[in-house]
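Here the protein sequences line up with chains A, B and C, keeping their order. The number in my numbering is simply the position in the first sequence, starting from 1, with 7 added. The number in my numbering is simply the position in the second sequence, starting from 1, with 2 added. The number in my numbering is simply the position in the third sequence, starting from 1, with 4 added. Quick reminder that beta carbons are idealized off the backbone N, C-alpha and C, glycines included. Input: a single structure, listed below in structure tokens.
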Amino acid sequence: MVKSNPVVIVGGGPSGTAAAAMLGKYQIPSIIVEEAPKIGGVIYRGPLRKTASVPHLDDNLQRAMSALRTRYENNRHLIDLKLQTRVLGPEGKQQLLLSENGELTTQGYNELILATGCHERSVPFPGWQLPGVMLLGGVQLQIKSGLVKPGAKMAIVGTGPLLPLVACQLHKAGVNVVGVFEASSFNKLAKEAVALLNKPKLTLSGLSMMGYLKKHRIPFYYGHGIVNAQGSEKLERITVAPYDEQWQADHRHTQTIDVDAIGVGYGFVARTQLAMLLGVEHKYTKVSGYVPKLDSNFLSNQENLYVVGDSSGLLGADAAICEGQIAAIDIALQRGAVTTSVALKEKRKVMRKHARIARFRFGFDRFSERQDGLLNLAQDDTVVCRCEQATKKQLDDAIEQGVKDLTTLKMRTRIGMGDCQGKTCSSYALDLLHKAGHQQNSKTGVIKPRFPLDPIPFTFMEEILDEQI
Amino acid sequence: MSKYDVIIAGGGAIGAACAYFLSRDTELKVALVDIKKPGNASRASAGGLWAIGESVGLGCGVIFFKTLSKLQSEAQGEEIPTMRPHQLPDCFFELALKSNAMYPDLYEELRTKHNVDFKFERTGLKFIMYNRDDELYADQIVSGIPHLSDQIRWLNAEQLKAEEPYVTPDAIGAIDFKCDHQVNPYRLVEAYTEAARQNGVELFLHTEIEQVIREGNKVLGLKTAAGELRCDTVINATGAWANTIFKQATDLDMPVYPVKGQIVLSERMPKILNGCISTSDCYIAQKDNGEVLIGSSTEEKGFDTTNSLDKIQELSRGAMKCLPILNESNIKRCWAGLRPGTPDELPILGKVPGIEGYLNACGHFRTGILTSAITGKLMTELVTGQPTSLDLTPFSVTRFFDKA
Amino acid sequence: MTTATRTKDITPLDSIQFEVLIDDTPVTACEGETVLSVLQATNMKRISENDRQVVTGAYCSMGVCHCCHVKVNKQHKQRACQTLVQPNMQIETLSNRFKEEGLGNGEI
């Protein structure tokens, strides 16, 4: 009976748990498949080990983490939580192959909600492979979930509201933050003030973050960014420089700063490998890379398959929660668990909230819009694909020889053929193709994800699943 | 409207080879029209140049047709008819061996004149025997090709162990096909394409072919997403999709259909294999990047290119049995390709009686990479009116019409 | 053998603790932690030597980049950021099958 069979939700972050909670409100059971040992997603997972307090994490964050856990707790009788469980890929129709704590299982579904979040965009520059160079989100995970200081003397480079946030968190955790370098100019930020006023609470918090940095004499530079990282065996120094409006570094005015770790944050990419493997149609967006094509209920072109949260397009955790709720309301409606009028009312309420958040977000997106100058940081010998050690020159040469799409670029240079299946390098390679004037479509502009989504031991293939007996 | 002498429909191994040979050996104006469809065989291929191996039914053949020992283990005691090795006709051997012989020179030529490297590697192909039944099967293979006996070596268990230290010590021996080597298949296609481009072939990549342009029985060119392209000859090298172009050119059907094959690829490994391997469970080739490639299945599932757990498991288990070190390694990636299959497993090459301006270069089934070189040469000979390097009669599409 | 000191913890170690071995040196670890946090707590930056002999450290910390591979209980290429510590776990950094065991008859 359709009513009792659980909705499968991949991802236990803000949108996944919000969806489960909303389904729970209408007595619909769900299964959350989450690869981490805790729910919350990268943003709200919090400490992995037990700890008495987290003084370095601000109140807003702690409130949000707590709210997410409450949402789950209130509905836990209807939510089957599978932690440390990864989806390896689809297996047959309406079924996923999972690796649950190292064992293979399958999970069938009638409705599927993908809430797989995002990962950070990598920008290659000389020295970016040095131990100590980290992605901004990686730094955050270390202080929020790992409860460890990533370095003693750190700088933060990149763009967007995460920069001051991470700088404050690091400082509160006892790290010496020697500078924050925001690529966009202050003037550009001022232009976006109207959008930012949409969400007054968040902006104020932004201001108070800047206030904190000022108070603690942590220099914050607008219109500046990284040029290179240096060190013999690990990171020892970075060189920064002013960036013009196209984020082109001015090499005549560089500054070298001693650091032992940095956080680099130039944007995010939706994590869409599973959606693509399931045949969901995608479209390109500058901000988030390729995102699924969805209707107003976040339903894709695949039957009963919804994509919500950052994996449907980067709008942050608050919007993600709305999206999970909207998809859940639609499922409840399809199942007849709620009347059309009630569903519509609920949906409208959430959508209004979503729209407000989106407007605010677009302000920051415009401010932080990625500029081509970043593409010039890498030199000929700078590695672009870390797994295969393919260099910028190899990519440039291939494009010069007439390569116009990502897959052929992969064939010529081996980018995307390593263990990470191109997650780290493909956004940069795509930007290079765009810069060379080669527009892509959703077939040519992605490195096609393949089963298994994560490498698995050969020995997994010896397991016999229940259905196979 | 652009005018060419030859337009090649399809830019996989076959089409790209045609473009290269035409541009190398003639002064003709050539265009190549290509769009990569999911499952296109050239990029999915293992890249084996297994001339004898595939001709005697090893590689994909033995996995599909199965050895007696494998059938016995599956039947668990029930009666099974004797399995004979599935050998292809002599005309195929000729095609395969002639093509195979072209690779050493082709490799040097492309490397030195065009700076493209398709990683040709002399490996040989070893059929690993696990038991007496496998040995009998190997015996039958060898006795079926007496004229090629100088290309075959028998290895006993000790010799096998010395040459392939990572193959399971449970193996009792192997037969080695000394002239069966390997290339990197997608690099081969890129090499042909880039060399052709350097020679002046006009490339229409990412370009869908909409319609064959015809007047009566004369093919005049192709209507593509990049506009109308006119020519004297269209070469159909569209792989598993070849019947579409054929039908538009001739109003007839030819039996080319997709035959799905799944592949399992390991993470990068240090060198653990000297030769390519064929067993009754799978074939295994360690590629130039160190990844171990394991294939393949033979399935008729239309144009479906999804991986299925059952086949991945079968292939993985077969490989782990042969190379126990895989028990400590990871599967990095799997995929599936669509071989252009034909009922008699022979390609479909050459003119179609009564149709002007059109040539078939299709149906290469399991050996497109291997026979791309000879196909390129043959098409060039046909276009320029020279005598062909071998008799194309057995490969004519008319062999299917006789039956109708 | 002296236990390696954890100097980078932000908060005190409150939960159940046990020992793990990092490159044969005992280190205190907490239940629930990842291998990566233990490594970072001891200020270790050079964690992995990849299949192309490049030494890397933590980069994304979320299992996407494959830059933090360590050998865990004799199994190669475990992502330190995705592996939870267990009592007596044997962790080896800068370990790679290309360097070890003299595998194969030559570099590819």
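Residues near residue i in its chain [Cβ-Cβ closer than 8 Å; skip 5 each side]
{"i": "L143(A)", "result": "E127, I163, G165, L169, L170, V173, G270, V271 and G272"}
{"i": "G59(B)", "result": "F67, P87, H88, Q89, L90 and I143"}
{"i": "I112(C)", "result": "In this prediction, I112(C) has a pLDDT of 47, which is less than 50 and means its spatial position is unreliable; what the coordinates show is noted afterwards. The answer is none, since no qualifying residue turns up."}
{"i": "G320(A)", "result": "A277, T292, V294, S295 and V298"}
{"i": "V266(A)", "result": "G139, G158, K160, M161, A162, V185, L242, E243, R244 and I245"}
Cβ-based neighbour list, residue i, same chain, cut-off 6 Å, excluding 5 preceding and 5 following
{"i": "E41(A)", "result": "G19 and L90"}
{"i": "Y313(A)", "result": "I120, F305, L306 and A334"}
{"i": "H361(A)", "result": "A326 and C329"}
{"i": "E353(A)", "result": "I336"}
{"i": "L112(B)", "result": "V118, A193 and A197"}
{"i": "R45(B)", "result": "Y188"}
{"i": "K313(B)", "result": "Q264 and S299"}
Buried or exposed by the 16-neighbour rule on C-beta atoms within 10 Å, applied to residue i
{"i": "R70(A)", "result": "exposed"}
{"i": "A15(B)", "result": "buried"}
{"i": "L380(B)", "result": "buried"}
{"i": "H223(A)", "result": "exposed"}
{"i": "V399(B)", "result": "buried"}
{"i": "L351(A)", "result": "exposed"}
{"i": "T9(C)", "result": "exposed"}
{"i": "M8(A)", "result": "Its pLDDT being 42, under 50, M8(A) is placed unreliably in this model, and the value from its coordinates should be taken loosely. That one is exposed."}
{"i": "R83(C)", "result": "buried"}
{"i": "E37(C)", "result": "buried"}
{"i": "H149(B)", "result": "exposed"}
{"i": "L261(A)", "result": "Going by the sequence as given, residue 261(A) is Thr instead of Leu. Classification of T261(A): exposed, given that the 10 Å Cβ count is below 16."}
{"i": "D152(B)", "result": "exposed"}
{"i": "P462(A)", "result": "buried"}
{"i": "N92(C)", "result": "exposed"}
{"i": "Q21(C)", "result": "exposed"}
{"i": "V518(A)", "result": "Look at the range of chain A in this structure, 8 to 476, and you will see that residue 518(A) is not part of it."}
{"i": "R259(A)", "result": "exposed"}
{"i": "D178(B)", "result": "buried"}
{"i": "F403(B)", "result": "exposed"}
{"i": "P355(B)", "result": "exposed"}
{"i": "S101(B)", "result": "buried"}
Contact set for residue i: own chain, Cβ-Cβ below 7 Å, skip 5 residues either direction
{"i": "K12(C)", "result": "Q44, A45 and N47"}
{"i": "E118(A)", "result": "V14, N311 and I338"}
{"i": "T123(A)", "result": "V17, G18, R278, L281 and S318"}
{"i": "L224(B)", "result": "I9, A11, V35, I211, V214, I215, L231 and V236"}
For residue j and residue i, believed in contact at Cβ under 8 Å, the rounded distance
{"i": "T226(B)", "j": "V35(B)", "result": "6 Å"}
{"i": "C71(C)", "j": "S52(C)", "result": "6 Å"}
{"i": "P36(A)", "j": "L85(A)", "result": "5 Å"}
{"i": "G238(A)", "j": "G139(A)", "result": "7 Å"}
{"i": "G331(A)", "j": "S22(A)", "result": "4 Å"}
{"i": "L98(C)", "j": "R56(C)", "result": "Not really, about 14 Å apart at Cβ, beyond 8 Å."}
Chain F contact residues for residue i, given Cβ-Cβ distances below 8 Å
{"i": "H208(B)", "result": "The structure shown contains no chain F; its protein chains are A, B and C."}
Short-range partners of chain A found in the segment 115–127 of chain B, where Cβ spacing is below 7 Å: none
Contact the segment 317–335 of chain B vs the segment 355–374 of chain B: 3+ CB pairs below 8 Å: no
Short-range partners of chain C found in the segment 54–73 of chain A, where Cβ spacing is below 9 Å: P54, L55, R56, K57, T58, A59, S60, V61, P62 and H63
Segment contact flag, the segment 253–265 of chain A with the segment 378–385 of chain A, C-beta cutoff 8 Å, min 3 pairs: yes
contact_flag[the segment 364–377 of chain A, the segment 338–354 of chain A] where n(CB pairs < 8 Å) is 3 or more: no
At least three beta-carbon pairs within less than 8 Å, the segment 147–162 of chain A to the segment 178–185 of chain A: yes
Chain A contacts from the segment 295–324 of chain B (Cβ-Cβ distance under 8 Å): T308, N309, S310, L311, D312, I314, Q315, S318, R319, A321 and M322
The segment 203–218 of chain B touching the segment 385–398 of chain B, judged by at least three CB pairs closer than 8 Å: no
Validate contact between the segment 239–252 of chain B and the segment 273–283 of chain B using beta carbons, cut 8 Å, 3 pairs: no
Members of the segment 236–263 of chain A that neighbour chain C once the beta carbon cut-off is set at 9 Å: E240, K241 and L242
Near-chain C residues of the segment 258–273 of chain B - C-beta to any C-beta below 8 Å: E269, R270, M271, P272 and K273
Inter-stretch contact (C-beta, 8 Å, three-pair minimum) for the segment 450–458 of chain A and the segment 411–429 of chain A: yes
The segment 330–343 of chain B: positions lying closer than 9 Å to chain C by Cβ: E330, S331 and N332
The segment 68–85 of chain C: positions lying closer than 8 Å to chain B by Cβ: Q79, H80 and K81
At least 3 beta-carbon pairs within less than 8 Å: the segment 122–139 of chain B vs the segment 173–185 of chain B: yes
Inter-stretch contact (C-beta, 8 Å, three-pair minimum) for the segment 312–319 of chain B and the segment 283–298 of chain B: yes
Contact set between the segment 41–54 of chain A and chain C, restricted to residues whose Cβ is under 9 Å from the partner: E42, A43, P44, K45, V49 and P54
Chain B contacts made by the segment 366–391 of chain A, where a contact means CB separation under 8 Å: none
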